[in-house]
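Residue numbers (this note's numbering): 1094 to 1544.
This is how it looks when you write it as structure tokens:
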């Protein structure tokens, strides 16, 4: 019987370990945080938005016109920033669900250590897909891929260490704040049973309701260090106001650093026209996601239950003022004088300014073009005029337009191109059509090629 109970006990302790429970709470309570991860997992594994080429921005980041050590380092730096912001936000949102954390020495460090599962899986999959794409699609040498991968991981590690160093210097634990032993200290160390009466009253005035009185999540074990697993000791003898004070002080530091980082990101955006600030596109995505997480968690800290209402009101307010042009940058065409009164581009105004009868000349020229097109056909038939409109969409649209025109000529014996009078469109689609038209022109000019 005891032998059968041992695996059951081990399975329970595994399921109720702090790392596993942090994943459970992410799926159960933090769907918005989870959504960011799901999107990033889809992109780095090349399983989402593949037709738009978004995964290639992550697997082959470009900086200053080249892909190499620096571009992968910046990609790693912003990825590390996203992971750090995720840990901070998770600590702010979920810390109160696990009160035992407040009784440990260096609680934020312990929280980050145990919140490793999702970031670690992401980094492993990301690195694996970088290797696969760089060697299988970009034909890079193994040594080049190793250097780029080391640059990426270096960027991740550096920014995480910077974040942990900041919190190590500023965050206070229960030992520094109240002079009592932490629950992960020597089990024989004395633990204060009561707080100072004045401190209790001061904390009660600071809070209206304490989230620590809500239902706690069960946790049996946690990682005390990367190589040490400890059992969670009971924390009932710690006054709730004491734990609340530890969380409040840690959360305040977290919210402050989020606001500082958010301001730095905004400042970087102001210098986006300078080439050195034009980060890889995927890095900009990481920064955007980090900013969104920081805003939501900071609002959650400062406004508590009013955060969602405030955020919705902020979006509605922004949408209202966006109609007045306050947030719209003004684009100007080089060579035009914007100091004088704006010209009226309507038919009457153009007729008054047309001293050389240019409008009539354009009309006559267009009639000449149409007559030239008509003269290609026999007088006994009434030809059909074809207009080609190509949609945009990068390389995919280019190949699509080219192939459709090629196939239409193949099926019609080049009557499709002969009947075409106008080719228009946007972006990649026009590039494909332009390429096919050039082949037709060269064939007509005598080159031995078959479009």
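All C-beta atoms in this analysis are idealised placements derived from N, C-alpha and C, irrespective of residue type, glycine included. Model, not experiment: these values are computed from the prediction.
Of the candidates 1312, 1251, 1474 and 1113, the residue whose Cα lies closest to the Cα of residue 1174 is 1251.
Within the region 1123 to 1157, the alpha helix (DSSP H) runs of at least 4 residues that lie entirely inside it are, in chain order, 1124 to 1137 and 1147 to 1152. The straight-line gap separating the alpha-carbon atoms of residue 1399 and residue 1389 is approximately 11 angstroms. When DSSP reads this structure, residue 1315 sits in a beta bridge with 1323. Here residue 1110 carries a strand assignment [DSSP, helix/strand/coil].
Counting of Cβ neighbours within 10 angstroms places residue 1382 among the buried residues, the total reaching 16 or more. Within its own chain, the residues whose Cβ lies closer than 6 angstroms to the Cβ of residue 1135, once the five positions on either side in sequence are excluded, are 1141, listed in chain order.
Taking the Cα positions, residue 1507 is about 40 angstroms away from residue 1150. The C-beta of residue 1483 has 16 or more other C-beta atoms within 10 Å across all chains shown, which makes the residue buried. When the beta-carbon positions are compared, residue 1456 and residue 1479 stay at least 9 angstroms from each other. As DSSP reads the structure, residue 1518 sits in a beta bridge with 1483. Segment contact: the region 1188 to 1200 against the region 1164 to 1172, fewer than three CB-CB distances shorter than 8 angstroms; contact not assigned. The beta carbon of residue 1187 lies closer than 6 angstroms to those of 1118 in the same chain, with the five residues before and after it left out. In the three-state scheme derived from DSSP, where H, G and I count as helix and E and B as strand, residue 1159 is classed as strand. When secondary structure is reduced to three states using DSSP, residue 1198 falls in the coil class, being assigned neither helix nor strand.
For the options 1369, 1114 and 1138, the alpha carbon positioned closest to that of residue 1158 is the one of 1369. If only complete runs of 4 or more residues are kept, the region 1425 to 1504 shows the alpha helix (DSSP H) at 1440 to 1446 and 1451 to 1467, in order along the chain.
Considering only 1375, 1401, 1500 and 1380, the residue with the shortest C-alpha distance to residue 1359 is 1380. Check the Cα spacing between residue 1374 and each of 1156, 1494 and 1231: the tightest is with 1156. For residue 1371, the closest of 1154, 1517, 1523 and 1207 by C-alpha to C-alpha distance is 1154.
DSSP places residue 1219 inside the alpha helix (DSSP H), whose first and last residues are 1210 to 1229. In the three-state DSSP reduction, residue 1513 falls in the strand class (E or B).
Annotated three-state conformation of residue 1371 is coil, per DSSP. Annotation for residue 1409: the continuous alpha helix (DSSP H) segment containing it runs 1400 to 1415. Per the Cβ contact rule, the region 1201 to 1211 is in contact with the region 1175 to 1185 (3 or more Cβ pairs under 8 angstroms).
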